[in-house]
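Every number in the numbering used here is 509 more than the matching position in the sequence shown, counting from 1. Take a look at the structure set out below.
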Amino acid sequence: MSAKAISEQTGKEFLYKYICTSAPVQNKFRYANVTAETDFDRLAQEHPWLLTERLVVKPDQLIKRRGKLGLVGVNLDLNGVKEWLKQRLMRDTMVGKAKGILKNFLIEPFVPHKQVEEFYLCVYAAREGDYVLFHHEGGVDVGDVDAKAQKLLIRVDEKISEEQVKKELLAKAPADKKGILASFVVGLFNLYEDLFFTYLEINPLVVTKDGVYVLDMAAKIDATADYICKSKWGDVEFPPPFGREAYPEEAYIADLDAKSGASLKLTLLNPRGRIWTMVAGGGASVVYSDTICDLGGVNELANYGEYSGAPSEQQTYDYAKTILSLMTREKHPDGKVLIIGGSIANFTNVAATFKGIVRAIRDYQGPLKEHQVSIFVRRGGPNYQEGLRVMGEVGKTTGIPIHVFGTETHMTAIVGMALGHRPIPHQPPVAAHTANFLLNSSSSSSTPTSRRKSPSSGGQAGAEGSPMKQVKSGAPVAKATTLFTKHTKSLVWGMQTRAVQGMLDFDYVCSREEPSVSAMIYPFTGDHKQKFYWGHKEILIPVFKNMSDAMKKHPDVDVLINFASLRSAFESTMETMQYPQIHTIAIIAEGIPEAQTRKLIKIADEKGITIIGPATVGGIKPGCFKIGNTGGMLDNILASKLYRPGSVAYVSRSGGMSNELNNIISRTTDGVYEGVAIGGDRYPGSTFMDHVLRYQDTPGIQMIVVLGEIGGTEEYKICQGIKEGSITKPVVCWCIGTCATMFASEVQFGHAGACANQASETAVAKNQALRDAGVYVPKSFDELGDVIKTVYDELVASGTIIPAKEVPPPTVPMDYSWARELGLIRKPASFMTSICDERGQELIYAGMPITEVFKEEMGLGGVLGLLWFQRRLPRYACQFIEMCLMVTADHGPAVSGAHNTIVCARAGKDLISSLTSGLLTIGDRFGGALDAAAKQFSKAFDSGTLPMEFVNKMKKEGKLIMGIGHRVKSINNPDMRVQILKDFVKQHFPSTHLLDYALDVEKITTSKKPNLILNVDGLIGVSFVDLLRTCGGFTRDEADEFVEIGALNGIFVLGRSMGFIGHYLDQKRLKQGLYRHPWDDISYVLPEHMSM
C-alpha cells in the first residue's frame, strides 16, 4: 500500500526538522512520550521543561477528534498529568465502534492562547494535484471543513507562492497574521511535497505574538517512497489503527514482504476467530472477506491478508506456517476452517506455491487435527491441476479434511461450503488438464484463418488503429478509442522472456500474421537478439540497449509494455512519452510513489497517451493483442476463449480478478471483447470512466462489466455518465470491499487504493449509487455471473447480440520446460550429481541443508566429508582432514608448484592462471604420492607381505616406495608435521593397522639410510586408508574405491592451493617484476660444432 498513517510524534518530528519558513515555529521538539513502562523521574531529567511548564497530554494512537472524546488533558502540571494518566493509561476505551487500549501518550507544553488565534490547515493529495484547505476558525468545533474552508488546488508540477496563499486562502484571516500564515503554509506545503506526505492536517494551528504553534497534527506518508526518503525519514514505524493490536506476526510478514519481489500481507482482525484465510491476490482477498462477512462470518473472521506476485516455495511456506501457527493456539468449540482461495493466476505457478503450503500443513498436521481444522481450497492458473492434486494428496495422507476445487467452481463457492451454507460436492467436476488444451488432437500445424466475424476486432490498421476524437484547439490531445488491433506492434522494456513468449503464443492462436512484439529494451546488456517461438518455428527478436535505437528501427510500434522495477519505471516511462509514435503504455510495477505517478498522468494527458497501470498485469483484446502475462497461460486463454472476440468488455482494478472475469464471462456469455486491469494504486494512469467511454464508442461491444473497489469516487462518474446519456450500453458493476463497513477498525486492503477515506468511498455506498443510476448491480460477488448472464441473454433475445459459430484455434506446441513441469514428458539427464542440490530454497550438501551444516558446526572437514564421501564423518575424522589441509598448505617457494605460481604471477597473470600453473606440476614426482602410497602399502598389507619382504621386493623391481624418503628431513631431524599427525591418529583412530605396517617399513628403510623416513604424503595416505576402513561409515569396497579414484590426492591439491594463492598474493603485494632466470644458474651444453 502507499498512504500510511504515522503517529503525531513522528509527523511533528518531520515538521520541526525539515520545514523551511520565515515564520517562527515554536516549541520545536518539545514533546515527551509516555507508555506503561515510563519512569517519570528519568523522563523529567531528559525533559526538564516538564517540571517548569503547564502541560497538555493526549493519546498518540491515530484517534480522531480526541478533544470531543475527552481524551486531551489541558493546562496541567506534571503531577496533574500523572493523575490524568492513572485513569486512562492501559485502560479499555471505545472510540466509535473500535475498542482498544490506550497505551501511548504524548506530553507537550500548554500554549495559552485566544480562540481567535486558532486556525485550521490541511493538505491532501488528489489525482489532479494537492489541495490546501484553510479555515480562519480552528479547534475542536471546526465542524465540516470541506464545506467551510477556503480551498486552493496546486496542480501537479506547479509551485505554491505566498501571494497565491494570501489571495486564495487567507481572505478571512486577521490582517496582522497573513504574512506569518502565508510563509508557514508555503513552508508546510514544500515540506509535504519533499517528504512525500499524502495527507497533513493541523488543527488547531495557533498563531500568537510569539510565533506559530502546531498543537494537534495528523498525517500520512507515501510508504512506497521509502527508497527516496529513507535518509530523511529514517526507520518509520506505522502504528495500527486504534482498536487493533500490532502483532509480531504482522511485523514478521511485513519484513518478508519488504525483502521479497512478491506481495505478502497479513492483518489480524480477531485471533480467536474460527475463520482463517490464505488468499492469493489483492483483489481476490477482498472478495473472500466480503463473502465471509455477507454470510454472517464477520465476528469470526480472524485475519485479512494475501500472497501474490509469484512468491517462492519458501516464502509461501513461511507465510503459511505463520497462519497455521496463529490459528492453532486457541481451540474453538466449533472447530476452525481455513480458506485457501484465489482467482485464476496470470503468471504464478500454482503448484510451486502450493508446495510451500503443503510443507506447512505437514509440519502442523498434529495441531490442525487437534483443533479440528477443515481446509477448503479453490485456485486456478498455471499448473493449478498439479497444485490441487498435491493439496488433495496431503489431505489423504494426514487425515485432515481438505476439499479441493478448480476453475469449474465459482471462486467464492468454497466460502459457502466452509460456513455450512451450501453442500460440499463429493466429486467435483474435473476441469480439463493443461495438456488437453495444448496438445490438440488435430494434426495440422498450419495457422487457419479465423472465420468468426466481429464488428471491430480486425480490420486495417489505418481504419481502426488509433482514431482520435476531435477536440478544440488548445485542449489536451484526445486519446485513442481503440488501443489495440490485429496489427498492433509493441516494445517490451525489460528482459521478460516468459511474458514475451506468452504474447507470441497468444498472437499465434489468434491467427495474427506477425508477432505483436517488435523488440525489447534492456539497458543492462549490449544490443543482441533473443530467440523465441512463433508457433513451431524459432524466431529472433532484437534487444536494444537504449530506447532511441528501438524507436528508430521500429517506427510502426505504438505500444510500450514497461516491466521496469518500481525504482526505474518513472524515468523509463517519462522517456517513452518523448516519442510521438507511442499511444499506449502499460506500467506493470507495483510500488511507484504516487507523486511520480501523478506526473506521468499529467504528461500522458497532455500528449494523448493512454497509461494502463501502474501495479497492473495489463489488459487483453481477444483475437488482437495481450499485454505481458495477462490472461495467464495458454490453457486459460483457450478455456476462456480469449483467442477470439466476444461481445462483453470489462474493466477491473485487480489483475487476478480480471482473469476471474475472463472465466466468468466466457461461461455466461459469448466471451470477452476487451478487458483492462487499470491497477490497484490510488491514482491509476487511466480510470474506469476512460475505458467505459471507449467501450461505449466501440461498435463490437454490446455490454460492459465493471469490477469496482472500495476507495476513491471513480464509480460515481459512471453513474453521472448514465444519467447524462453518455453511457447507453448496459453496465453490470460490483464494487468489492463491502466488508470494510462491518469491521470495528480501519483495514487497509491489498491494493494501495482500497481504503475509504469518507462514507461515499465505501463499496456499500457506491454499489447503492450505481444501482440507483440504473446499473445492473448483484447482491454480492457470488451473484455477479448470474447477473451478467441475465443481461447477456436479454441482449441475445432482443437480437442485439448474435452469437457467432465457434472456430477451433490453431495448435500451439508446448514448451519443453513446461511440458516437463506438467509431467507429460521425460528425458534422460545430460549428467548426474549426488552431492549437492541448489534448486530449492536452501543449498543442500549430500542431503544436509546448509543451515544444518552451520548449526552442527561441522567445519571444513565435515563439509569435505559430505561433498567428497557423501557421509557425515565422525568429529575426529573431520579434525584429521582439517589437520591434513593445514600441514599440506605450503612448503616454501622452492618446490615446483610454488615456483611455477610465483613465475606466473610475476609475468602479470591473474590469480586463476597462476594457481593453475602451480597445480599442473602436481603428479608422481611432486605431491602426488598420497594415492600411490596408499595403494602400495594397502596392497602389501592386504596380501600378507611382511615389511622386509615388501622393501626387498620393491628394491628388486627397481621401484621407489611412495611415501618414503625426504630431501631434508631424517630420523635424526624428524618432520614435525608427520609427528603431529601421527600422534593424533594414534590417539583418536579406532584402528591403525596400515599406519603400523608403514612404520615397520620405515624402521627398515631408515636403517639403510636415515632420510628414508615415512614422509607427510605417506603418513596421510596410509592414515586415510585406516580412517576409511575403520570409521564405520564405509564398506571395505567403498573405502578401496575412494583410494582407487584419487580422492586422497585431492587432500594435497586442496591444501596446497591455499599456499599457491598465498604466494600469488605475496608477489603482487611485493610488486615483483617479470622473472628471468639468471644465466649463471644455467649450464649451456651445446653440440661441439656449434660452440666452435
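Glycine is no exception: its CB is placed at the ideal position from the N, C-alpha and C atoms.
Check whether the Cβ atoms of residue i and residue j lie closer than 8 angstroms to each other.
i	j	result
Ile465	Leu1216	The question about residue 465 has no answer, for the chain in this structure spans 510 to 1601.
Thr707	Ala607	no
Tyr1031	Glu1103	no
Ala1249	Ile1219	yes
Pro1123	Ile1094	no
Lys873	Thr837	For the record, residue 873 in the displayed sequence is Tyr; it is not Lys. It is a contact, given that the beta carbons lie within the stated cut-off.
Val1160	Val1185	yes
Ile923	Arg887	yes
Ala1008	Gly1137	yes
Glu1224	Lys1150	no
Val796	Phe1258	no
Between which two residues does the alpha helix (DSSP H) holding residue i run?
i	result
Gly805	Unbroken run through Gly805: none, as it is neither H nor E.
Cys1393	1384-1396
Pro568	Per DSSP, Pro568 belongs to no alpha helix (DSSP H); it is in the beta strand (DSSP E), 564-568.
Trp1002	Per DSSP, Trp1002 belongs to no alpha helix (DSSP H); it is in the beta strand (DSSP E), 999-1002.
Glu1218	Unbroken run through Glu1218 is the beta strand (DSSP E), 1212-1218; no alpha helix (DSSP H).
Ala1158	It is not in any alpha helix (DSSP H) - Ala1158 instead sits in the beta strand (DSSP E) that spans 1157-1161.
Tyr1225	1223-1233
Phe1493	1485-1497
Asp1190	Unbroken run through Asp1190: none, as it is neither H nor E.
Ala829	822-836
Leu992	Leu992 -> no alpha helix (DSSP H), and no H or E assigned at all.
Terminal residues of the continuous beta strand (DSSP E) containing residue i?
i	result
Cys1413	From DSSP, Cys1413 is part of no beta strand (DSSP E) but of the alpha helix (DSSP H) over 1405-1415.
Met603	601-604
Thr490	Nothing about residue 490 can be reported from this structure: the residues present for the chain run from 510 to 1601 only.
Lys774	772-777
Tyr1584	Tyr1584 -> no beta strand (DSSP E), and no H or E assigned at all.
Gly1128	1128-1130
Tyr756	Careful: Tyr756 lies outside any beta strand (DSSP E) and carries neither H nor E.
Leu1069	1068-1071
Which whole-angstrom value describes the C-beta separation of residue i and residue j, a residue pair presumed to lie in contact below a C-beta threshold of 8 angstroms?
i	j	result
Pro748	Ser511	Not confirmed; about 17 angstroms, so no contact.
Met1212	Leu1304	6 angstroms
Ala691	Glu671	4 angstroms
Ala829	Asn779	About 20 angstroms; that fails the 8 angstroms criterion.
Ala1507	Gly1527	6 angstroms
Tyr1017	Pro1319	7 angstroms
Val1300	Pro1239	5 angstroms
Identify which residue in the options has its Cα closest to the Cα of residue i.
i	options	result
Arg600	Pro568, Lys573, Glu617, Gly589	Pro568
Pro1089	Arg1415, Ser1057, Gln1105, Leu1293	Ser1057
Gln824	Cys802, Ile849, Arg868, Ala811	Arg868
Leu560	Arg575, Phe619, Ile528, Thr1119	Phe619
Ile1118	Ser1175, Leu1143, Lys988, Gly1230	Lys988
Glu1099	Leu661, Leu1557, Gly1542, Gly770	Gly770
Lys1061	Thr1454, Leu1000, Gly1189, Glu895	Leu1000
Ile1611	Gly865, Leu1075, Val1372	Residue 1611 is absent from the structure shown; the chain starts at 510 and stops at 1601.
Gly1542	Glu1511, Thr1309, Pro1499, Ile1554	Pro1499
Glu1553	Lys1448, Glu626, Asp744, Lys1226	Lys1448
Lys1226	Pro1208, Ser1269, Asp1190, Met1251	Ser1269
Val566	Val913, Tyr540, Asn1481, Leu552	Tyr540
Leu700	Thr530, Gln570, Asp650	Thr530
Asn858	Thr831, Gly896, Val882	Gly896
Thr862	Ser772, Pro932, His930	Ser772
Lys1130	His1092, Ile1146, Tyr1182	Tyr1182
Which residues does DSSP list as the beta-bridge partners of residue i?
i	result
Tyr640	Tyr633, Leu662
Gln1039	Ile1050
Gly582	Val566
Met1242	Note that residue 1242 is Cys in the sequence shown here, rather than Met. Bridge partners of Cys1242: Val1215.
Arg887	Phe914
Glu1183	Ala1158
Cys1345	Tyr1354
Indicate, with yes or no, if the ligand SAM has a heavy atom lying under 7 angstroms from the CB of residue i.
i	result
Arg753	This structure lacks the ligand SAM, and indeed carries no ligand of any kind.
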